[in-house]
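Data first, discussion second: the structure below is written as structure tokens.
Below, the structure written as structure tokens:
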């Protein structure tokens, strides 16, 4: 009986998580277009629903009913596989991500995470690494020069930026003495990691921007020179898959930044429910992503690589060394 | 000395991403500024200045008689040949147009017909919404031209308006003088 309840709870949590991740891009596209509009002194979508609130629904219906076109020369199997490969990893990663300690419903304690892995951080990076396959296959299978160039750029970018991203979190792991995201958040109950690891936060956030392929690092889908990058040839629901995965990664990077550096659900000053604190912090970072997009221009490709290898990588290495030396000399804070 | 200090200050600023912060602050300020776009056609529209060359209309004299003497000068001067006039003579021996058609689909709204008219019978007014499902509807006859509103006395502003698609695509408005949009978009 207990086993059945536990199993049912896990299934419910997974279904709930998938539903949230599939539905969240809808309001996010609306927010992004509204913020874009107002930053450019426009109003954004206004005609579908109150202030265009139903615009994402209309867009979704449009994408669902559009022709699902596959180019004649495309590799059909890879072409169909790529959107799923791009969509699955960001969803899988959230299995290891905690959203809070636990809440009690009807007398039973329900933990706000699907699983508390002791190697959660490793799992997260391993699974994000798979995401690049969707991009490579999508670009290659479409048999279009724009798509191939876009996917080449994307995989070079993602592989280069995963290294500083991985190094940047080592300082956090050293402080928490654990790779479990839950323990990392618990270790930040008094002081957030961003105080001890400002450089680590900076490197992680910039690498996260690059990983999510957002401006100023959206070389992969530079509209001006590549059409739309690796998903140039995609249409209809397959294109929607790529869009959902893009927003899921934005969300994932925001969640990771909050968990690793901004204390997760630990609040300061204002006593709010932990889950609300968590949501507020994540919302701020998602907004930051959108804000950056409509403020900064795009980097040139060589600049992108130079930032990744010549700035972020040495910075993250120095961060590890300094953190280690301080931990050895002064001891854990 | 102070120049070197400035340079050091600039470098320190760059170290703390002062330039990026400036850019972010600018876009954040713009986000809460007033949009410059007009909510056309749902809520407001641009009302042109009185001198604007919009719809054509024919005028009547004091007795209610049509002013046009069917001299066909407008048809001659029209650069796109869109006016067709067929004259007739009434019982008093005066010339009037039996047929006066303007093909607004071809018209370029240059206003030369207004300038050429010796009887001050044709002029261009303020309306500019001519969208139609058929180009045949854009050929406007004599009686329709006579029924159209004349020159506007006011204009040059944004007025509250409402889209009306029941009978015809027209953006209706009751106001004659709106707010000055140009002053509205100016940022200091």
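Residue numbers (the UniProt record's numbering), protein chains in the order written: chain A, 1 to 333; chain B, 1 to 188. The C-beta atom is built at its ideal place from N, Cα and C for all residues, glycine as well.
Original post:
Since residue 60(B) is in the alpha helix (DSSP H), which residue starts that stretch and which ends it?
Top reply: For the purposes of this step, residue 60(B) is taken as residue 60 along the second chain, with counting starting at 1. Careful: residue 60(B) lies outside any alpha helix (DSSP H) and carries neither H nor E.
**OP:** Evaluate the contact criterion for the segment 38 to 45 of chain A versus the segment 190 to 204 of chain A: three or more CB pairs, one atom per stretch, below 8 Å.
**Re:** no
**OP:** Take residue 227(A) and list the residues in its own chain whose beta-carbon comes closer than 6 Å to its own, dropping the five residues that flank it on each side.
**Re:** Along the first chain, read from residue 1 onward, the residue named residue 227(A) stands at position 227. Contacts found: 146.
Original post:
What are the uninterrupted segments assigned as alpha helix (DSSP H) that are 4 or more residues long and contained completely in the segment 2 to 74 of chain B, given in chain order?
Top reply: Runs found: 2 to 15 and 18 to 31.
Original post:
Does the beta carbon of residue 39(B) sit closer than 8 Å to a beta carbon anywhere in chain A?
Top reply: Sequence index remark: in the second chain, residue 39(B) carries index 39 (1-based). It does; some Cβ of chain A falls within 8 Å.
Subject >> Beta-carbon proximity list for residue 84(A), same chain, < 8 Å, skipping 5 on both sides >> reply: Against the first chain, residue 84(A) aligns to sequence position 84. 134 and 241.
Original post:
Going along the chain, which residues of its own chain have a beta-carbon closer than 7 Å to the beta-carbon of residue 32(A), five neighbours each way excluded?
Top reply: Numbered from 1 along the first chain, position 32 holds the residue referred to as residue 32(A). Closer than 7 Å at the Cβ level, and outside the excluded window around residue 32(A), lie 290.
Original post:
Beta-carbon of residue 298(A) versus every beta-carbon of chain B: anything under 8 Å?
Top reply: Counted from its first residue, the first chain places residue 298(A) at position 298. Under the 8 Å criterion on CB atoms, residue 298(A) is classed as non-interfacial with respect to chain B.
Subject >> Option in 81(B), 31(B) and 20(B) with minimal Cα separation from residue 113(B) >> reply: Indexing the second chain from 1 puts residue 113(B) at position 113. Considering only alpha carbons, the answer is 81(B).
Original post:
Looking at residue 162(A) and residue 211(A), is the spacing between their C-beta atoms short of 8 Å?
Top reply: Stepping through the first chain from its first residue, residue 211(A) is reached at position 211. Stepping through the first chain from its first residue, residue 162(A) is reached at position 162. Against a cut-off of 8 Å, the Cβ pair of residue 162(A) and residue 211(A) comes out as a contact.
**OP:** Within its chain, find whatever has a CB closer than 8 Å to the CB of residue 188(B); leave out the 5 residues flanking it on each side and keep chain order.
**Re:** Walking along the second chain from the start, residue 188(B) turns up at place 188. Because residue 188(B) carries a pLDDT of 49, less than 50, the predicted location of this residue cannot be relied on, and no value is offered for it.
Original post:
Going by C-alpha distance, which of 250(A), 69(A), 310(A) and 99(A) is nearest residue 239(A)?
Top reply: Residue 239(A) sits at position 239 when you count from the first residue of the first chain. Cα-wise, what sits closest to residue 239(A) is 69(A).
**OP:** Could you have a look at residue 104(B) and say whether DSSP puts it in helix, strand or coil?
**Re:** Taking the first residue of the second chain as position 1, residue 104(B) is located at position 104. It is coil, neither helix nor strand.
Subject >> CB contact check: residue 23(B) to chain A, cutoff 8 Å >> reply: The residue given as residue 23(B) occupies position 23 in the second chain. Yes, because at least one Cβ of chain A sits closer than 8 Å to the Cβ of residue 23(B).
Original post:
Can you give the Cα-Cα distance for residue 128(A) and residue 108(B), rounded to whole angstroms?
Top reply: Taking the first chain and counting its residues from 1, one reaches residue 128(A) at position 128. Taking the second chain and counting its residues from 1, one reaches residue 108(B) at position 108. Their Cα atoms are separated by approximately 59 Å.
**OP:** With 8 Å as the threshold, decide whether the Cβ of residue 33(B) is near any Cβ in chain A.
**Re:** Stepping through the second chain from its first residue, residue 33(B) is reached at position 33. Yes - at least one Cβ of chain A is within 8 Å of the one on residue 33(B).
Original post:
Going by beta carbon distance, what residues of the same chain come within less than 8 Å of residue 122(A), once the five residues before and after it are set aside?
Top reply: If you number the first chain from 1, residue 122(A) lands on position 122. Cβ within range, chain order: 179.
**OP:** Please list, in chain order, all residues of the same chain as residue 14(B) whose beta carbon is under 8 Å from its beta carbon, the five residues on each side excluded.
**Re:** On the second chain, position 14 is the one that residue 14(B) refers to. Within the same chain, residue 14(B) has no close Cβ partners at all.
**OP:** Quick one: measure Cβ to Cβ for residue 60(B) and residue 146(B), integer angstroms, because I've assumed they're closer than 8 Å.
**Re:** For the purposes of this step, residue 60(B) is taken as the residue at position 60 of the second chain. For the purposes of this step, residue 146(B) is taken as the residue at position 146 of the second chain. In this structure residue 60(B) is in contact with residue 146(B), their Cβ atoms being roughly 7 Å apart against a cut-off of 8 Å.
Subject >> chain A contact residues for residue 36(B), given Cβ-Cβ distances below 7 Å >> reply: Within the second chain, the letter at position 36 stands for residue 36(B). By Cβ distance, chain A contributes 41.
**OP:** Check residue 267(A) in the structure and name its three-state DSSP category.
**Re:** Sequence index remark: in the first chain, residue 267(A) carries index 267 (1-based). Coil at residue 267(A), not helix or strand.
Subject >> residue 104(A), enclosing beta strand (DSSP E) - first and last residue >> reply: Numbered from its first residue, the first chain carries residue 104(A) at position 104. According to the DSSP assignment, residue 104(A) belongs to the beta strand (DSSP E) that extends over 102 to 105.
Original post:
Is it the case that the Cβ atoms of residue 216(A) and residue 313(A) are separated by a distance below 8 Å?
Top reply: Residue mapping note: residue 216(A) aligns to position 216 of the first chain, counting from 1. Residue mapping note: residue 313(A) aligns to position 313 of the first chain, counting from 1. Going by C-beta atoms, residue 216(A) is not nearer than 8 Å to residue 313(A).
**OP:** Give the interface partners of residue 30(B) over in chain A, defined as CB-CB distance under 8 Å, in chain order.
**Re:** The residue you call residue 30(B) lines up with position 30 of the second chain. Near residue 30(B) (Cβ distances below 8 Å), the residues of chain A are 38, 39, 40 and 41.
Subject >> Neighbour flag for residue 30(A) against chain B, beta carbons, 8 Å >> reply: Here the question's residue 30(A) lines up with position 30 in the first chain. It does not; no Cβ of chain B falls within 8 Å.
**OP:** Apply the 10 Å Cβ neighbour rule to residue 16(B) and answer buried if 16 or more other Cβ atoms are within range, or exposed otherwise.
**Re:** Counted from its first residue, the second chain places residue 16(B) at position 16. It counts as exposed.
**OP:** Helix, strand or coil for residue 298(A), going by three-state DSSP, please let me know.
**Re:** Start at 1 with the first residue of the first chain, and residue 298(A) comes out as number 298. Three-state DSSP puts residue 298(A) in coil, outside helix and strand.
Subject >> Interface positions of the segment 265 to 297 of chain A facing chain B (Cβ-Cβ less than 8 Å), listed along the chain >> reply: Considering only beta carbons, the part of the segment 265 to 297 of chain A lying closer than 8 Å to chain B consists of 291, 292, 294, 295 and 296, in chain order.
**OP:** Drop a sphere of 10 angstroms on the beta-carbon of residue 19(A), count the other beta-carbons inside from all chains shown, and report buried for 16 or more, exposed for fewer.
**Re:** Taking the first chain and counting its residues from 1, the one referred to as residue 19(A) is at position 19. Residue 19(A) comes out exposed.
Subject >> Alpha-carbon spacing of residue 98(A) relative to residue 166(A), whole angstroms >> reply: Translated into positions along the first chain, residue 98(A) becomes position 98. Translated into positions along the first chain, residue 166(A) becomes position 166. Between residue 98(A) and residue 166(A), the C-alpha separation is close to 19 Å.
Subject >> Separation of residue 55(A) from residue 26(A), as counted between CA atoms >> reply: As a first step, residue 26(A) must be located in the first chain, where it is residue number 26. As a first step, residue 55(A) must be located in the first chain, where it is residue number 55. Each residue's alpha carbon lies about 9 Å from the other.
Original post:
At a CB-CB cut-off below 7 Å, which residues of chain B make contact with residue 35(A)?
Top reply: Working through the first chain from its first residue, we reach residue 35(A) at position 35. Here the neighbours are 31.
Original post:
Can you give the Cα-Cα distance for residue 29(A) and residue 214(A), rounded to whole angstroms?
Top reply: Counted from its first residue, the first chain places residue 29(A) at position 29. Counted from its first residue, the first chain places residue 214(A) at position 214. So the two alpha carbons sit approximately 14 Å from each other.
**OP:** Starting from residue 87(B), trace the beta strand (DSSP E) both ways and give me its first and last residue.
**Re:** The sequence position of residue 87(B) within the second chain is 87, counting from 1. Taken as a continuous stretch (DSSP letters only), the beta strand (DSSP E) holding residue 87(B) covers 83 to 89.
Original post:
Is there a Cβ from chain A that is less than 8 Å from the Cβ of residue 154(B)?
Top reply: Within the second chain, residue 154(B) is the residue found at index 154, counting from 1. Cβ-Cβ to chain A under 8 Å: no for residue 154(B).
Original post:
At a CB-CB cut-off below 7 Å, which residues of chain A make contact with residue 104(B)?
Top reply: For this step, residue 104(B) is matched to residue 104 along the second chain. Per Cβ cutoff of 7 Å: no residues; residue 104(B) is ~28 Å from chain A at best.
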